[in-house]
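Number 820 in this note's numbering belongs to position 303 of the sequence shown; there are no gaps in the numbering.
Yeah, the Cβ is synthetic: ideal placement off N, Cα and C, and Gly gets one too.
Keep in mind the model is a prediction, meaning the values are calculated, not measured.
The structure appears right after this line, and notes come after that.
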Amino acid sequence: MRKFLGWLLLVLLIVASAAFIYFRTPDTDPAAMRAKYGAAPSQFVDLGGGLTVHLRDTGPRDAPVLMLIHGSNASLHTWEPWAKRLGERYRIIRFDLPGHGLTGPSPAKLYSAVAFVDVVEKVRAKLGVDKMVLGGNSMGGGVAWHYALSYPEHLTGLVLVDASGQPEPNNQNPPLAFRIARLPVVRNLATMITPRSLIADGLPAAFSDPKLADDKAIDLYWELLRYPGNREATIDRFATKPDYATDAKLARIKTPTLILWGDEDQLIPASSGRWLAKRIAGAELIIYPKTGHIPMEERADQSAADVYRFMELKTRPTAGAK
């Protein structure tokens, strides 16, 4: 009987090993990814402490600055539609947060909103920007309003696009991804087994029109997720306790704020946009019909026009001003 159990265990181990080898998706090659996604106008900026960020800084040097922060598992590429439409009028800065895109993991393994705020501030200081409008989508929107709490003196405006922040209903039962991040064995597998189908099945939910999640978009997300260190960073970030907004925190924001939202956002509902707008003094809320979680991609013309109007009001000198 013992010999039978021993042979059975050996067979199971062989089957498990074979299954792991079959389903395992290796990291992408850093040089190939930099060549594919990091060509000009990309640059790689050393922020110290072992952190080098992938960054694009385009537009007139003397123009008002719009700095943009992407969402969870996205990259600076999500802002390309705005960069094309607003880049002749404004200096546009966007970069990959630690654990994302071509930046790779945080050397200190810090992925909280506060840690990301520190990165935003280091980028601002490194590039010599004094005043800026700061925008963020989803998780990046949460980083943006956290930045407004810590460094309001550097902001002339705040743009929150389908931003995180509202405490989740029944958040004592966190989403599956967050529960996986807290299970040692399962989380380790998640850093090694991430088939393309995972992105192909999930990305369409970010749009009202699922056809926008085409092969090019799926490959972008899938390849950059597998950039060395990013999968482990994602799991570490999911395991980090969220820092939700409160009435008291949002009441401290005095920066002029524009809130943009898709009415068919399946990830963060439009009700969260209304919740934020009620708690940030003077905030303007625009909700786009037939639009999902990424309005800057799905409603590029309209959302860019709304940002243009907002920035002209908040960053250009009024007539007669000295």
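Tell me, please, which residues DSSP counts as bridged to residue i.
i, result
"residue 832", "Residue 832 is not bridged to any residue."
"residue 793", "For residue 793, which the question treats as bridged, DSSP gives no partner whatsoever."
"residue 778", "804"
"residue 559", "573"
"residue 617", "621"
"residue 678", "654 and 777"
In three-state DSSP terms, what is residue i?
i, result
"residue 826", "helix"
"residue 654", "strand"
"residue 574", "strand"
"residue 770", "coil"
"residue 586", "strand"
"residue 646", "coil"
"residue 693", "Confidence is the limiting factor: at residue 693 the pLDDT is only 42, short of 50, which leaves the residue's position unreliable, though a coordinate-based value still follows. Helix, per DSSP."
"residue 731", "coil"
"residue 659", "helix"
"residue 785", "coil"
"residue 752", "helix"
"residue 672", "strand"
"residue 565", "strand"
"residue 612", "strand"
"residue 850", "Outside the displayed span of the chain (518 to 839) sits residue 850, for which this structure offers no information."
"residue 545", "coil"
Quick one: is residue i near chain C, going by C-beta distance under 8 Å?
i, result
"residue 550", "The structure shown contains no chain C; it holds only a single protein chain."
Leaving out the 5 sequence neighbours to the left and right, which residues in its chain are closer than 6 Å to residue i when beta-carbon positions are compared?
i, result
"residue 811", "723"
"residue 832", "581 and 673"
"residue 584", "610, 649 and 651"
"residue 633", "614 and 660"
"residue 687", "Residue placement at residue 687 cannot be trusted, given a pLDDT of 45 that sits under 50; what the coordinates show is reported in the next sentence. Cβ within range, chain order: n/a, list empty."
Return the residue from the list the options that minimises the CA-CA distance to residue i.
i, options, result
"residue 643", "569, 598, 596 and 715", "569"
"residue 630", "638, 586 and 660", "660"
"residue 829", "556, 544, 632 and 649", "649"
"residue 787", "800, 806 and 797", "806"
"residue 548", "766, 677, 785 and 745", "745"
Checklist entry - Between the stretch 763-774 and the stretch 655-672, are three or more C-beta pairs nearer than 8 Å? => result Verdict: yes, contact present.
Checklist entry - Quick one: any contact between the stretch 815-822 and the stretch 784-795, if contact means 3 or more CB pairs under 8 Å? => result No: the two stretches stay apart, fewer than three of their Cβ pairs being nearer than 8 Å.
Item to check | Given 8 Å, three or more beta-carbon pairs between the stretch 646-658 and the stretch 618-629 | outcome: The stretch 646-658 is not in contact with the stretch 618-629.
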